[in-house]
Amino acid sequence: KAGVTQTPRYLIKTRGQQVTLSCSPISGHRSVSWYQQTPGQGLQFLFEYFSETQRNKGNFPGRFSGRQFSNSRSEMNVSTLELGDSALYLCASSLLGTSGAGRQEQFFGPGTRLTVL
Amino acid sequence: AQKITQTQPGMFVQEKEAVTLDCTYDTSDQSYGLFWYKQPSSGEMIFLIYQGSYDEQNATEGRYSLNFQKARKSANLVISASQLGDSAMYFCAMREVNNNDMRFGAGTRLTVKP
């Protein structure tokens, strides 16, 4: 079974531009979560999509948005890029999603490293 | 507020020895899940082990075990018989039943010496 794939792996943008990152979950998984990882803030939850609906959202500004398609593939968009948006963006998929305290194991992709100049 | 605390930014261990990575957490929920992930230099997060708050026994997965002390709110990861390939960042994470996002600690960088 193929793992979670993320494209592109590396991206360089300039301030003010926008960017779209893509994530393809493991086949059959309906939940996709996005995380931002930076040296200063660590790993922070952005949002989760389940069956094309945003189910959970972290504490990020509205410049960060996402969507999920009927085939469970997800895209994340960041508009009006700032220097502080430079980070590793990780996508994770799970079968049923991240609700509750049970063992809903998340499988992570390799990440997209975004550099904003 | 920081809910997951990993107090060891870096740890060293000799190959074949055991090592304990510390994790404490803060929650008022009675139902929650605790997770440990490994992140090699490649960047991909790898799930290691899970402990539910109502699980009476400590979780074990191969060479990984979780020393769960609920009253102290600690969930330390124990790696037995360390291997060179265990060198990586290790993250403790928690998900509460009433808060669906996963909260991660700052991580511990483990280096296994030959």
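Chains A and B supply the protein sequences, listed in that same order.
Quick note on the working numbering: the first sequence kicks off at 1 and runs consecutively.
Quick note on the working numbering: the second sequence kicks off at 118 and runs consecutively.
No residue lacks a Cβ here, since even glycine has one placed at the ideal position from N, Cα and C.
{"Check": "Run through the segment 28 to 59 of chain A for me and flag every whole beta strand (DSSP E) of 3 or more residues, listed as ranges in chain order.", "Outcome": "31 to 38, 42 to 50 and 53 to 57"}
{"Check": "Identify every run of the beta strand (DSSP E) within the segment 151 to 231 of chain B, keeping only runs that are complete inside it and at least 3 residues long; order them along the chain.", "Outcome": "163 to 169, 181 to 186, 191 to 196, 205 to 213, 216 to 221 and 225 to 230"}
{"Check": "Which class does residue 109/A belong to by DSSP, given the choice of helix, strand or coil?", "Outcome": "coil"}
{"Check": "What would DSSP say about residue 126/A, mapped onto helix, strand or coil?", "Outcome": "Outside the displayed range of chain A (1 to 117) lies residue 126/A, so it cannot be described from this structure."}
{"Check": "CA-CA distance, residue 205/B and residue 80/A?", "Outcome": "34 Å"}
{"Check": "Run the CB neighbour count on residue 121/B, radius 10 Å, all protein chains shown included, and call it buried at 16 or more, exposed below.", "Outcome": "buried"}
{"Check": "Return the residue from the list 66/A, 61/A and 11/A that minimises the CA-CA distance to residue 53/A.", "Outcome": "66/A"}
{"Check": "Do you know whose CA, among 92/A, 77/A, 45/A and 51/A, lies nearest residue 69/A's CA?", "Outcome": "51/A"}
{"Check": "Just tell me which of 107/A, 90/A and 117/A has its CA closest to the CA of residue 46/A.", "Outcome": "90/A"}
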